[in-house]
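Residue numbering for the sequence shown follows the working numbering, beginning at 16 and increasing consecutively. Input: a single structure, listed below in structure tokens.
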Amino acid sequence: MGQALGIKSCDFQVARNNEEHHTKALSSRRLFVRRGQPFTIILHFRAPVHAFLPALKKVALTAQTGEQPSKVNKTQATFQISSLGDQKLWSAVVEERDAQSWTISVTTPADAVIGHYSLLLQFSGRKPCLLGQFTLLFNPWNRDDAVFLNNEAQRREYLLNQNGLIYLGTADCIQAESWDFGQLHALKEKRVLPTPQTQATEEGALLNKRRGSVPILRQWLTGRGRPVYDGQAWVLAAVACTVLRCLGIPARVVTTFASAQGTGGRLLLDEYYNEEGLQNGEGQRGRIWIFQTSTECWMTRPALPQGYDGWQILHPCAPNGGRVLGSCDLVPVRAVKEGMLGLTPAVSDLFAAINASCVVWKCREDGKLELTDSNTKYVGNNISTKGVGSDRCEDITQNYKYPEGSLQEKEVLERVKKERMKFGKDNGICPPSFQTANPLYLFLKAPSSLPLRGDGQISVTLINHSEQKAVQLAIGVQAVHYNGVLAAELWRKKLSLTLSDNLEKTITIGLLFSYFEQNVPENTFLRLTAMATYSESSLSCFAQEDIAICKPHLAIKMPEKAEQYQPLTASVSIQNSLDAPMEDCVISILGRGLIHRERSYRFGSVWPENTMCTQFQFTPTHLGLQRLTVEVDCNMFQNLTNYQSVTVVAPELSA
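Rendered as structure tokens:
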């Protein structure tokens, strides 16, 4: 292997080092270490080395990474092997020695460049001898590392946990989507590198299944960086989280319910509705997304003023308004909360996303716009992420906003408004006021969710505190994608009412899928609107509710604890609560550490009000908390998933 010292071999002590560096799950053959923390190698010589000190003075190590390693850009470092180590620089110290071997402790700086490294031995100016390769990662366990996180439970959640949950739906009906981050699998044995075409084809078919990051990353690398997934924004956030955790940076996926997007930082957002109360295209000032996901990562920000360390928002930027991701801006969460617009341009967009006001306009048949009296549509009042060490949903809204109506919130809003007005970024900050001496009040009540193809009830309450009014009430339902884009017009109803003075009238209406003019598109929400128009001046009041659509319940039963390498049985059942048979049912089960590869089973039809029950047996191979995910697809819906966790323990040794 080497000629200078007669190197027989170099033992990178992979099992020991990976255990100490919290990278054991990454590989049993390749060395993965975290910067700022020593790791041990053992040099074995072909012949005995008796003159230790003279030999030591002639020996140096070189660590280098990248295509063109350079000491200037810190991708190459040459350092002596000595009897004294240095915790701040690249260094090596002999811990144990005999005539046949040296045990050497190598220390990397806490700010070293991460990447795939080659370690070389140099002796008396001769040609370097390659000892081996290792991968250097960020180190949240090291106080001197920029990503240091001083909480072991959080480190295990935001760095090592591969079983994620992403929250979708509405603020009133939050739905947890199981996600396999696979950050340990992505690095493991370089398996994220291009794969044979057959495997790439199989995994390409899985991209639309939205189950995990690894197939998407592998397909991206197979295609040499070409875009491979043009779908839900939350998938991008999940994949970004995987990459960050993979590199050693604590990260999490965060969901903002009712998020104002595309406002350009403006604090006013317009929405337009026709006289039937149905949304009329998109507003000129952006759109309210039902939910929006983002990725947060944890690190210090020494280049910024003091106080902006901690959670940072990964804010994607598409150059020139394009759809391809160009770069990402790192925005401190605290900067958004305090409205520090001058810190980075992205603060304006993120602040507006959770603080903008919405103005509702009625588009008359003659083309004129008319302001409606609408209940204020609040944005960003629920921001959530997966809880640490559990499957509970954690509300982190307080990290982004001061409490609604508090003095601090008013002060921040006023400062932001003044700053935007000062630089001419907003002609109007405050919503136009709707004033009438003869008001009518409209309230809309609807369930937070409806079962697919099921029914529910809605109620509209009109309150008239003044003279008698002739009122035209228009109620409508549209299907809306999660990003606020209209998918279909489904149902509308008009009523003519006469309201006496000082009258409160409540109208209850059944809402049935059978009323709809067409099938509800997959993965959409129901947007229920009500518009009441009264008086000769056609003044209107408006209300809106978004309703989640719930698929039939998928139940999983299995023990909470199981033994490694011992068969485990899971029972799966699904009740058909629809008004039509579920045909061509396919059940897929998967779970890292539980099942070697995904299994799919075809079943027959499940008739209305009937329940399909089945059992699956598998053998857990990995210790610790593992997750089984079950998915059902049929002719009525796709991607119905549920999950169940199990703790896998080591088998008991027989006496």
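Glycine residues also receive a C-beta, built at the ideal position from the N, C-alpha and C atoms. Keep in mind the model is a prediction, meaning the values are calculated, not measured.
DSSP places Y323 outside both helix and strand once states are collapsed to three, so it counts as coil. Around the C-beta of E111, fewer than 16 other C-beta atoms lie within 10 Å, and the residue is accordingly described as exposed. C25 is classed as buried because its beta carbon has at least 16 other beta carbons within 10 Å across all chains shown. For V663, the uninterrupted beta strand (DSSP E) run begins and ends at L655 to V664, by DSSP. Annotation: S139 to A30 spans about 32 Å, alpha carbon to alpha carbon. When C-beta atoms of the stretch 274 to 289 are compared with those of the stretch 311 to 320, fewer than three pairs fall below 8 Å, so the two segments do not count as touching.
E519: member of the beta strand (DSSP E) spanning L518 to L527, first to last residue. By the CB criterion at 9 Å, Q493 and L541 fall inside the cutoff. Membership of M436 in the alpha helix (DSSP H) is indicated by the continuous run L422 to K437. A check of alpha carbon separations from M651 across R226, N538 and S550 identifies N538 as the nearest. Annotation for R642: the continuous beta strand (DSSP E) segment containing it runs G639 to D648.
Counting the other CB atoms within 10 Å of its CB gives R260 a total of 16 or more, which places it among the buried residues. Following the DSSP letters along the chain, one finds F366 inside the alpha helix (DSSP H) bounded by residues A361 to N370.
No Cβ-Cβ contact shorter than 9 Å links K520 with L554. For E35, the enclosing alpha helix (DSSP H) begins and ends at V29 to E35. L459 and I181 have their C-alpha atoms roughly 29 Å apart. The alpha helix (DSSP H) runs lying completely inside the stretch 110 to 152 and spanning 4 residues or more number zero. H37 is classed as buried because its beta carbon has at least 16 other beta carbons within 10 Å across all chains shown.
Counting only unbroken stretches of 3 or more residues, the beta strand (DSSP E) elements lying wholly within the stretch 39 to 77 are 46 to 49 and 54 to 60, in sequence order.
Using a Cβ-Cβ distance cut-off of 8 Å, the stretch 629 to 643 and the stretch 581 to 588 are in contact, since at least three pairs of beta carbons, one from each stretch, lie closer than that value.
In this structure, the straight-line span from the alpha carbon of P265 to that of N625 is close to 45 Å. By the Cβ-count criterion, E167 is exposed, with fewer than 16 other Cβ atoms from all chains shown falling within 10 Å of its own Cβ. Of the residues Q190, N178 and N33, the one whose Cα lies closest to the Cα of H568 is Q190. By the Cβ rule, the stretch 119 to 129 counts as touching the stretch 45 to 55, because three or more pairs are nearer than 8 Å. As computed with DSSP, D561 is found in a beta bridge with R542. A check of alpha carbon separations from D406 across W194, G471 and K89 identifies W194 as the nearest. A contact is defined here as three or more CB-CB pairs under 8 Å, and the stretch 366 to 385 fails this definition with respect to the stretch 158 to 172. Under the criterion of beta carbons closer than 8 Å, L643 and L609 qualify as touching, at roughly 6 Å.
Selection T93, R435, V109 and T544 evaluated against P360 yields R435 as nearest (Cα-Cα).
Per DSSP, A255 lies in no beta strand (DSSP E); the unbroken alpha helix (DSSP H) holding it starts and ends at A248 to L262. Here the alpha carbon of D410 sits roughly 21 Å from the alpha carbon of V250. Under the three-state reduction of DSSP, Y182 is assigned to strand. In the three-state DSSP reduction, T237 falls in the helix class (H, G or I).
Take the alpha-carbon of V661 and the one of K576: they are about 5 Å apart.
Here the C-alpha atom of E380 lies approximately 8 Å from the C-alpha atom of E290. Here G21 is near F60, since their CB atoms are less than 9 Å apart.
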